[in-house]
Structures are given as structure tokens and as C-alpha cells.
Amino acid sequence: MKSTVIIYVISDAIGETAQHLIRASTAQFTLEGGADIRRHAFVRDEEALLEILEEAKKADAIIVQTLVQKKLSTISSDYCANYDLPCIDLVSNLTTAIEQKTGQQSKEDPGNMRRLDQHYFDRIAAIEFAVKYDDCKDPRGLLEADIVLIGISRTSKTPLSSYLANQNYKVANVPLVPEVPIPTELTQIPRNRIIGLTNSPEKLSAIRKVRLKSIGLDETSSYSSENRILEELDYGYHIFKQLGCRIIQVEDKAIEETAALIIENVK
Numbered sequence: 007m008k009s010t011v012i013i014y015v016i017s018d019a020i021g022e023t024a025q026h027l028i029r030a031s032t033a034q035f036t037l038e039g040g041a042d043i044r045r046h047a048f049v050r051d052e053e054a055l056l057e058i059l060e061e062a063k064k065a066d067a068i069i070v071q072t073l074v075q076k077k078l079s080t081i082s083s084d085y086c087a088n089y090d091l092p093c094i095d096l097v098s099n100l101t102t103a104i105e106q107k108t109g110q111q112s113k114e115d116p117g118n119m120r121r122l123d124q125h126y127f128d129r130i131a132a133i134e135f136a137v138k139y140d141d142c143k144d145p146r147g148l149l150e151a152d153i154v155l156i157g158i159s160r161t162s163k164t165p166l167s168s169y170l171a172n173q174n175y176k177v178a179n180v181p182l183v184p185e186v187p188i189p190t191e192l193t194q195i196p197r198n199r200i201i202g203l204t205n206s207p208e209k210l211s212a213i214r215k216v217r218l219k220s221i222g223l224d225e226t227s228s229y230s231s232e233n234r235i236l237e238e239l240d241y242g243y244h245i246f247k248q249l250g251c252r253i254i255q256v257e258d259k260a261i262e263e264t265a266a267l268i269i270e271n272v273k
């Protein structure tokens with residue numbers, strides 16, 4: 007039984023979709039050194055395609071293709087069938103099903119999804135917004151935000167802001183510090199747009215010690231002490247109650263999972 011696997015990604019765009027799916031699948035197996043993924047992007051002519059397929063045959067590889075041009079897709083599928091190479095086509099079956107349902111023909115336009123459109127520009131604007139209003143650099147941004155994240159230090163405010171910005175949400179975040187009054191703008195925002203983030207004292211202490219070490223400071227400073235963390239958590243819950251916002255415990259949650267809960271709350 008093989009414990010290594012070579013996978014050729016053949017795409018007439020950048021091949022990113024195939025790579026994400028391959029990683030999701032290979033994560034379910036114990037593979038020495040992981041899967042050897044060899045991505046071939048912007049394959050748009052027969053000669054280049056056949057050269058890649060010849061390489062894949064010699065390597066005894068699995069083929070994963072995302073070719074929207076039917077001619078190239080058929081050439082690749084036929085080649086794999088002739089030489090008994092496993093071939094996973096991530097595009098053709100769905101494209102055919104959509105054609106049958108709609109009566110339309112595929113545009114067969116590689117990279118069409120990546121073209122600049124309003125969605126793209128909205129996402130860039132949201133990312134710029136998240137950077138500008140990270141850590142409450144300018145409280146005025148809170149009134150413009152789709153989502154406002156609040157919480158004490160090391161509760162994933164900035165990573166979540168970045169992730170949500172990539173989903174086209176304008177996000178601002180506010181650090182809660184007992185010695186610093188909250189901005190008045192927070193009290194002027196609908197409560198469903200405010201999300202309180204919290205974590206367990208043990209997790210916060212561990213994260214803060216790592217943070218201190220990474221910047222060359224003493225791990226035993228008050229920033230990571232149990233008393234300070236409990237004081238900050240108490241203050242955080244006081245503010246959450248004052249604002250009437252939803253509270254999410256981020257401990258052991260992936261960024262994607264927390265983001266899904268946040269989006270559900272603001273819809």
C-alpha cells in the first residue's frame with residue numbers, strides 16, 4: 007500500500023479550487039510528507055496539456071482537472087482513460103447539468119470568475135475598512151461598520167475582522183481595557199451589530215505568554231497573570247451586559263466557525 011501520492015492539478019485558470027479540495031481530501035489520510043501536489047495553471051492549448059499528461063503518466067499520478075473548455079477537458083479525460091490514470095473532473099459534470107437545466111451553453115471562458123466586478127471592489131473596500139478601524143484606531147468608523155467586534159486582548163478580534171472582510175463585511179473592532187472607557191459610538195449602534203468575544207482564563211494566559219515571549223518580554227508580566235485576566239474578563243462581561251450584545255466563546259472554535267455565528271447574528 008502506498009503512503010505517498012502524487013496529484014497533478016490541471017487548470018485553465020489558476021487551479022486554486024482544485025487545490026483546496028485536494029487538501030480537504032488528503033487531510034483524511036496519513037501520508038508520508040503529505041501529498042505531492044503539482045499544480046499546472048493556465049493550460050489553454052492541446053500541446054501543453056499533452057506534455058503535462060505525459061509527465062503525470064510517468065509519475066503514476068492522480069489527475070484533478072478544472073478545465074472549462076470542453077475540447078481540452080475531453081482530451082484529458084480520454085487520455086486518462088486510455089492509460090488507466092485516475093482522473094477527477096471538477097467542472098464538466100456540473101457544467102453539463104447546468105446546461106441541461108437552463109438550455110444555455112457554457113461560455114467556456116477560463117478565468118471568468120476572477121474578472122474584476124463590483125463584488126471584487128466591495129471586498130477590497132471591506133478589507134481596507136478592517137485595517138483602518140482595527141483596534142478602534144478611529145471610533146467614528148464604528149457607526150459605519152456592518153459588524154463591531156469587542157473583547158479583551160487575545161480574543162481573536164483582528165483575525166476575525168480580516169476573515170469577515172474577505173466575506174465583504176465592513177468590520178471594526180474595539181479592545182476592552184478596564185482603565186479605558188468605551189467609545190460613546192458603541193452605545194449608538196444596534197445591538198445585533200455588536201459581538202462580544204471572550205475566552206477562558208487558561209487559554210488567554212497561554213496565548214498571552216506566547217505573545218510576550220515572541221516580542222521578547224517577560225512571560226510572567228501582569229498581562230498574562232491570572233488576576234489581571236480575571237479582572238479584564240469581568241470588565242468585558244460588564245460591557246457586554248451594558249450593551250446587550252451577543253457573546254461568543256471563541257475557545258477551541260475555528261475562525262470560520264466563529265465567523266458563521268457572527269454572520270448569522272447580523273443578518
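Residues 7 to 273 in this note's numbering are what the sequence shown lists, from first letter to last.
Heads up, the beta-carbon is just placed ideally off N, CA and C, and yes, glycines get one too.
In three-state DSSP terms, what is residue i?
{"i": "I81", "result": "helix"}
{"i": "D95", "result": "strand"}
{"i": "L37", "result": "coil"}
{"i": "L166", "result": "helix"}
{"i": "G147", "result": "helix"}
{"i": "L267", "result": "helix"}
{"i": "L223", "result": "coil"}
{"i": "Y229", "result": "helix"}
{"i": "D141", "result": "helix"}
{"i": "T10", "result": "coil"}
{"i": "A212", "result": "helix"}
{"i": "E185", "result": "coil"}
{"i": "K113", "result": "coil"}
{"i": "T161", "result": "coil"}
{"i": "N172", "result": "coil"}
{"i": "A87", "result": "helix"}
{"i": "A103", "result": "helix"}
{"i": "K273", "result": "coil"}
For the beta strand (DSSP E) that residue i lies in, which residues bound it at each end?
{"i": "Q255", "result": "252-255"}
{"i": "N179", "result": "177-181"}
Which residue marks the beginning of the alpha helix (DSSP H) containing residue i, and which one marks its end?
{"i": "D240", "result": "232-249"}
{"i": "L55", "result": "52-64"}
{"i": "I133", "result": "124-138"}
{"i": "S31", "result": "22-32"}
What is the C-beta distance between residue i and residue j, in whole angstroms, given that I count them as a contact (C-beta under 8 Å)?
{"i": "A47", "j": "I69", "result": "The pair is not a contact, with the Cβ atoms about 15 Å apart (cut-off 8 Å)."}
{"i": "D152", "j": "V180", "result": "That pair is no contact at about 15 Å."}
{"i": "S17", "j": "L59", "result": "So it is not a contact: roughly 14 Å between Cβ atoms."}
{"i": "I200", "j": "L267", "result": "I200 to L267, Cβ: 14 Å. No contact."}
{"i": "V15", "j": "R50", "result": "Rounded, the Cβ-Cβ distance is 15 Å, inconsistent with contact."}
{"i": "R214", "j": "R160", "result": "6 Å"}
{"i": "L182", "j": "Y241", "result": "6 Å"}
{"i": "L218", "j": "Y229", "result": "6 Å"}
{"i": "F135", "j": "A171", "result": "7 Å"}
{"i": "I28", "j": "I43", "result": "6 Å"}
{"i": "A132", "j": "N174", "result": "5 Å"}
Pull up the DSSP beta-bridge partners for residue i, would you.
{"i": "R45", "result": "V15"}
{"i": "Q71", "result": "I16, D95"}
{"i": "L192", "result": "Per DSSP, none; premise fails for L192."}
{"i": "T204", "result": "Q255"}
{"i": "V154", "result": "A178, I200"}
Exercise for review: Could you tell me whether the segment 94-110 touches the segment 144-155, where touching means 3 or more Cβ pairs closer than 8 Å?
Suggested key: Because the criterion of three Cβ pairs below 8 Å is not met, the segment 94-110 and the segment 144-155 do not touch.
**Study point:** Meets three-Cβ-pair contact criterion under 8 Å: the segment 58-72 and the segment 87-107
**Key:** Short answer: they touch.
Practice item. Would you check if the segment 240-260 and the segment 204-216 touch, i.e. whether three or more CB-CB distances between them fall below 8 Å? Key: Contact between the segment 204-216 and the segment 240-260 is present, because at least three Cβ pairs lie under 8 Å.
Review point. Do the segment 166-176 and the segment 133-144 make contact, defined as three or more Cβ pairs closer than 8 Å?
Key: The segment 166-176 makes contact with the segment 133-144; the number of CB pairs closer than 8 Å reaches 3 or more.
Review point. Are the segment 27-34 and the segment 81-91 touching by the rule of at least three beta carbon pairs closer than 8 Å?
Key: For the pair of segments examined, the segment 27-34 was found not to touch the segment 81-91: the number of CB pairs separated by less than 8 Å stays below three.
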